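Engineer:
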Amino acid sequence: MAVVEELLRSESNGNISFGNYELAQKAKLEDFEHRGDIYKVKTYQDITKLEKNGLFLYESVPGTSVYDFCESGQGISFIVKGNKDVQITIGGDDDSEYEVIVAGESAGVMKTNLSGKLNISVELEENGEAEVQLIKK
Numbered sequence: 000m001a002v003v004e005e006l007l008r009s010e011s012n013g014n015i016s017f018g019n020y021e022l023a024q025k026a027k028l029e030d031f032e033h034r035g036d037i038y039k040v041k042t043y044q045d046i047t048k049l050e051k052n053g054l055f056l057y058e059s060v061p062g063t064s065v066y067d068f069c070e071s072g073q074g075i076s077f078i079v080k081g082n083k084d085v086q087i088t089i090g091g092d093d094d095s096e097y098e099v100i101v102a103g104e105s106a107g108v109m110k111t112n113l114s115g116k117l118n119i120s121v122e123l124e125e126n127g128e129a130e131v132q133l134i135k136k
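For what it's worth, numbering that gives the first Met the number 0 labels the leading residue of the sequence shown as 0, then goes sequentially.
Right, here's the structure in full:
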């Protein structure tokens, strides 16, 4: 998969893809409408951040490209791509538990903090990618 050149796009399956970890300079796209929600993305090699309706949704350090990002009542799923190991913070439901699955392997059940944030680490080989699932318990 190539990086998301347009920074943020709607996919034919109803999901979104965003982020370009190859950029040397910060780039952002604001006021992107998708299914009645407004998204904002900031991305470059050091960080990728996504907001939905002004609220935190995703952040990675260093930057990543994210494909097929899907939120549902059951949780959040996406494919993350980058050229380094990455620390990801996800905005989920406040004070909730999620089973975290990375590249088909369960990382166990994790609890969000009071602001709904959950931190996970994903090991990516150079130009590697991994599927991430957070299944709400």
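Cβ atoms here follow ideal geometry from the backbone N, Cα and C, with glycine treated the same way.
What you are looking at is a predicted structure, and each value in this text was computed from that prediction instead of being measured.
Hey, how far is the Cα of E32 from the Cα of R8?
Structural biologist: Against the sequence shown, residue 32 aligns to sequence position 33. Against the sequence shown, residue 8 aligns to sequence position 9. So the alpha carbons of these two residues sit roughly 10 Å apart.
Engineer: Would a C-beta distance cut-off of 8 Å place A26 and T42 closer than the cut-off?
Structural biologist: Locating residue 26 in the sequence shown gives position 27, counting from the first residue. Locating residue 42 in the sequence shown gives position 43, counting from the first residue. Going by C-beta atoms, A26 is nearer than 8 Å to T42.
Engineer: How would you label I87, buried or exposed, when you count the other beta carbons within 10 angstroms and need 16 or more for buried?
Structural biologist: Position 88 of the sequence shown, counted from the start, is the residue given in the question as residue 87. That one is buried.
Engineer: Cα separation between G141 and K135?
Structural biologist: A question about residue 141 goes unanswered here, because the residues of the chain that appear run from 0 up to 136.
Engineer: Give the straight-line distance between the Cα atoms of G107 and E96, rounded to the nearest whole angstrom.
Structural biologist: Position 108 of the sequence shown holds residue 107. Position 97 of the sequence shown holds residue 96. Take the alpha-carbon of G107 and the one of E96: they are about 10 Å apart.
Engineer: By DSSP, does G35 sit in helix, in strand, or in coil?
Structural biologist: Here the question's residue 35 lines up with position 36 in the sequence shown. Residue state, collapsed to three classes: coil.
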